[in-house]
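Visitor: Counting in the numbering used here, the sequence shown runs from 33 upward without gaps.
We put the CB at the ideal spot given by N, CA and C, even for glycine.
Since the structure is predicted, the reported quantities are computational estimates derived from the model, not experimental observations.
Right, I'll just put the structure down here and ask away after.
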Amino acid sequence: MAPIVKLMSAGGFIYEKNNSIPFVVKEGPNSIFFKMMDFMKNCKLSYAMFHSTPLYNEIIEEIWTSCEYSGTNCTLQFTIQGKEYIVNSDVLQACLHIPENNCDALPTITEMVNLLNSINYSLPTDNLGRIIRRGLVREYSYLADAFIKVFSGKISNFDALTNSMLILFTMLLTDRYYNFSTQLMYEIGAKLGDKANRKKNIYYARFLMMLANHVSPTPLVISNPVSKFECFVQEKRVLTNILRLNHNGEVPVVYLPVIEVTTAIPSSIIVTSTISPSTVAVESVVVTQQAPAQQQDQNQRNPPSQPQVLPKRHLL
Numbered sequence: 033m034a035p036i037v038k039l040m041s042a043g044g045f046i047y048e049k050n051n052s053i054p055f056v057v058k059e060g061p062n063s064i065f066f067k068m069m070d071f072m073k074n075c076k077l078s079y080a081m082f083h084s085t086p087l088y089n090e091i092i093e094e095i096w097t098s099c100e101y102s103g104t105n106c107t108l109q110f111t112i113q114g115k116e117y118i119v120n121s122d123v124l125q126a127c128l129h130i131p132e133n134n135c136d137a138l139p140t141i142t143e144m145v146n147l148l149n150s151i152n153y154s155l156p157t158d159n160l161g162r163i164i165r166r167g168l169v170r171e172y173s174y175l176a177d178a179f180i181k182v183f184s185g186k187i188s189n190f191d192a193l194t195n196s197m198l199i200l201f202t203m204l205l206t207d208r209y210y211n212f213s214t215q216l217m218y219e220i221g222a223k224l225g226d227k228a229n230r231k232k233n234i235y236y237a238r239f240l241m242m243l244a245n246h247v248s249p250t251p252l253v254i255s256n257p258v259s260k261f262e263c264f265v266q267e268k269r270v271l272t273n274i275l276r277l278n279h280n281g282e283v284p285v286v287y288l289p290v291i292e293v294t295t296a297i298p299s300s301i302i303v304t305s306t307i308s309p310s311t312v313a314v315e316s317v318v319v320t321q322q323a324p325a326q327q328q329d330q331n332q333r334n335p336p337s338q339p340q341v342l343p344k345r346h347l348l
């Protein structure tokens with residue numbers, strides 16, 4: 033397999049190709065993936081997964097080098113063209129058109145195990161921090177690969193779902209969202225790391241550019257318009273790897289209700305509203321969105337007193 037070519041700017045920054053637009057063109061892939069492609073294009077996270085915007089080096093690199101993540105306040109603080117911005121998870125939610133909370137807690141262990149059983153995951157589920165890819169049906173392997181490419185810092189093809197990605201993946205497949213943007217903010221913060229020791233490998237470039245466009249009260253003025261990248265597109269070789277690496281390809285696929293409903297809706301009528309941020313001050317801008325009425329710590333959840341795990345191949 034040919035090595036992955038690194039995309040480097042004139043300033044020496046490497047743009048990691050993890051935050052790509054998932055490949056969804058139907059000219060070439062096996063038809064077994066078409067339904068998952070349609071689901072991705074029409075699901076509630078489709079804007080975050082597919083919105084394309086030019087990536088300007090001067091904006092992204094300023095954000096990356098200046099950004100600081102606060103786990104205590106769940107905020108990102110950065111500068112754009114010398115002006116300081118502070119954004120929270122509600123701003124990120126509005127920027128990426130992430131669905132609002134429609135339940136009051138994160139998925140429980142039991143709910144995640146139920147989900148895995150319902151999609152015919154064939155390996156043990158005793159370690160939810162490492163859900164092995166080869167236990168997934170091919171269609172769900174493809175969906176998980178595209179999902180992880182967008183919402184995690186994974187660069188190469190994934191070999192397992194981590195606990196945090198499984199939580200977000202469960203929300204997608206059950207259509208039950210709770211603090212999705214907070215979880216995503218944590219993932220971005222983890223990739224940023226400590227500002228003093230930050231490397232020049234840039235992750236989440238597309239999200240950072242979308243965030244810059246979202247919070248800026250006026251259109252950004254680019255000093256060097258030709259110094260830009262187009263949004264990355266996930267390589268077609270991923271599909272070949274799915275078929276080659278997946279040992280669970282003959283297990284029947286079970287399309288969950290949210291997939292059946294979403295793929296029945298033409299993408300042309302999917303409309304997501306944009307929420308403009310409110311801004312205060314001049315040189316230091318705190319960008320805020322109205323927090324959900326029942327905002328609480330996403331890590332606080334008591335498991336059911338009598339958890340019942342669904343048998344395999346049982347629809348949720």
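Taking contact to mean at least 3 C-beta pairs separated by less than 8 Å, is the segment 167-186 in contact with the segment 150-158?
Guide: yes
Visitor: Would you kindly work out how many angstroms separate the C-alpha atoms of residue 144 and residue 211, rounded to a whole number?
Guide: Taking the sequence shown and counting its residues from 1, one reaches residue 144 at position 112. Taking the sequence shown and counting its residues from 1, one reaches residue 211 at position 179. Straight-line Cα distance between these residues: approximately 16 Å.
Visitor: Might you give, ordered along the chain, the residues of its own chain that have their beta carbon closer than 8 Å to the beta carbon of residue 95, omitting 5 neighbours on each side?
Guide: In the sequence shown, residue 95 corresponds to position 63, counting from 1. Cβ within range, chain order: 110, 111, 112, 240, 243 and 244.
Visitor: Helix, strand or coil for residue 44? Go by DSSP, reduced to three states.
Guide: The residue given as residue 44 occupies position 12 in the sequence shown. Coil, per DSSP.
Visitor: Pick from 43, 82, 71 and 227: whose alpha carbon is nearest that of residue 262?
Guide: For the purposes of this step, residue 262 is taken as residue 230 along the sequence shown, with counting starting at 1. Here the closest residue by C-alpha is 82.
Visitor: Looking only at C-alpha atoms, which of 171, 117 and 131 sits nearest to residue 248?
Guide: Here the question's residue 248 lines up with position 216 in the sequence shown. Comparing Cα positions, the closest option is 117.
Visitor: Could you check the C-alpha separation between residue 284 and residue 258 for me, to the nearest Å?
Guide: In the sequence shown, counting from the first residue as 1, residue 284 sits at position 252. In the sequence shown, counting from the first residue as 1, residue 258 sits at position 226. A straight line joining the alpha-carbon of residue 284 with that of residue 258 spans about 49 Å.
Visitor: Closest by CA to residue 98, which one among 225, 209, 202 and 67?
Guide: Translated into the one-based positions of the sequence shown, residue 98 becomes position 66. Ranking 225, 209, 202 and 67 by Cα distance to residue 98 puts 225 first.
Visitor: Along the beta strand (DSSP E) that carries residue 112, what are the first and last residues, could you check?
Guide: As a working mapping, residue 112 is identified with position 80 in the sequence shown. 107-112 is the span of the beta strand (DSSP E), which, as asked, contains residue 112.
Visitor: With which residues is residue 120 paired in a DSSP beta bridge?
Guide: Position 88 of the sequence shown holds residue 120. BP columns for residue 120 point to 107.
Visitor: Taking the beta strand (DSSP E) that residue 143 falls in, what are its first and last residues?
Guide: As a working note, residue 143 is residue 111 in the sequence shown. From DSSP, residue 143 is part of no beta strand (DSSP E) but of the alpha helix (DSSP H) over 141-150.
Visitor: Looking only at C-alpha atoms, which of 201, 230 and 75 sits nearest to residue 296?
Guide: For this step, residue 296 is matched to residue 264 along the sequence shown. Looking at the Cα atoms, 75 is the closest of the given residues.
Visitor: Using the Cα positions of residue 203 and residue 197, report the straight-line distance between them to the nearest angstrom.
Guide: Numbered from 1 along the sequence shown, position 171 holds the residue referred to as residue 203. Numbered from 1 along the sequence shown, position 165 holds the residue referred to as residue 197. Whole-angstrom Cα-Cα distance: 10 Å.
Visitor: DSSP three-state call for residue 223: helix, strand or coil?
Guide: For this step, residue 223 is matched to residue 191 along the sequence shown. If DSSP states are grouped into helix, strand and coil, residue 223 belongs with the helices.
Visitor: Residue 100 lies in the beta strand (DSSP E); which residues open and close that run?
Guide: Against the sequence shown, residue 100 aligns to sequence position 68. Segment 100-102, the beta strand (DSSP E) holding residue 100.
Visitor: Here's a check: name, in chain order, each residue in its chain whose Cβ is nearer than 6 Å to the Cβ of residue 121, leaving out the five neighbours to either side.
Guide: Position 89 of the sequence shown, counted from the start, is the residue given in the question as residue 121. These residues qualify, in order along the chain: 106, 213, 214 and 217.
Visitor: Which first and last residues belong to the alpha helix (DSSP H) in which residue 78 is found?
Guide: The sequence position of residue 78 within the sequence shown is 46, counting from 1. Counting along the chain, residue 78 sits inside the alpha helix (DSSP H) bounded by residues 78-82.
Visitor: Indicate whether residue 101 and residue 252 have their beta-carbon atoms separated by less than 9 Å.
Guide: For this step, residue 101 is matched to residue 69 along the sequence shown. For this step, residue 252 is matched to residue 220 along the sequence shown. Their beta carbons are not under 9 Å apart, which means residue 101 does not touch residue 252 by this criterion.
Visitor: Is the Cβ-Cβ distance between residue 372 and residue 236 less than 9 Å?
Guide: Look at the range of the chain in this structure, 33 to 348, and you will see that residue 372 is not part of it.
Visitor: Please work out which residues of its chain come closer than 6 Å, Cβ to Cβ, to residue 62, disregarding the five sequence neighbours upstream and downstream, and give them in chain order.
Guide: Here the question's residue 62 lines up with position 30 in the sequence shown. Answer for residue 62: no residue qualifies.
Visitor: For my contact list, residue 209 and residue 129 are in at a C-beta cut-off of 8 Å; report their separation, rounded to the angstrom.
Guide: On the sequence shown, residue 209 is found 177 positions in, with the first residue counted as 1. On the sequence shown, residue 129 is found 97 positions in, with the first residue counted as 1. Not quite, the Cβ-Cβ distance comes to about 12 Å (not below 8 Å), so this is no contact.
Visitor: Under three-state DSSP, which class holds residue 190?
Guide: Here the question's residue 190 lines up with position 158 in the sequence shown. Coil.
Visitor: Does residue 191 pass the burial test, meaning 16 or more other C-beta atoms within 10 Å, or should it be called exposed?
Guide: Residue numbering aside, residue 191 sits at position 159 when the sequence shown is read from its first letter. Residue 191 is exposed by the Cβ-count criterion.
Visitor: Would you kindly work out how many angstroms separate the C-alpha atoms of residue 84 and residue 77, rounded to a whole number?
Guide: The sequence position of residue 84 within the sequence shown is 52, counting from 1. The sequence position of residue 77 within the sequence shown is 45, counting from 1. Each residue's Cα considered, the two are about 14 Å apart.
Visitor: Looking at residue 288 and residue 281, is the spacing between their C-beta atoms short of 9 Å?
Guide: Your numbering for residue 281 matches position 249 in the sequence shown. Your numbering for residue 288 matches position 256 in the sequence shown. No, Cβ-Cβ distance for residue 281 and residue 288 is not below 9 Å.
Visitor: Using beta carbons (cut-off 9 Å, strictly below), is residue 163 in contact with chain E?
Guide: Among the chains of the structure shown, chain E does not appear; only one protein chain is present.
Visitor: Residue 68 to residue 161, Cα distance in whole Å?
Guide: For the purposes of this step, residue 68 is identified with residue 36 of the sequence shown, where counting begins at 1. For the purposes of this step, residue 161 is identified with residue 129 of the sequence shown, where counting begins at 1. Going by the C-alpha atoms only, they are around 24 Å apart.
Visitor: Return the residue from the list 294, 233 and 291 that minimises the CA-CA distance to residue 41.
Guide: In the sequence shown, the residue the question calls residue 41 occupies position 9. Taking each of 294, 233 and 291 in turn and checking the Cα distance to residue 41, the smallest one comes out for 233.
Visitor: Just to confirm my understanding: we take residue 44, look at its own chain, exclude 5 residues before and 5 after, and list those with CB closer than 8 Å. What are they?
Guide: Taking the first residue of the sequence shown as position 1, residue 44 is located at position 12. Cβ within range, chain order: 232.
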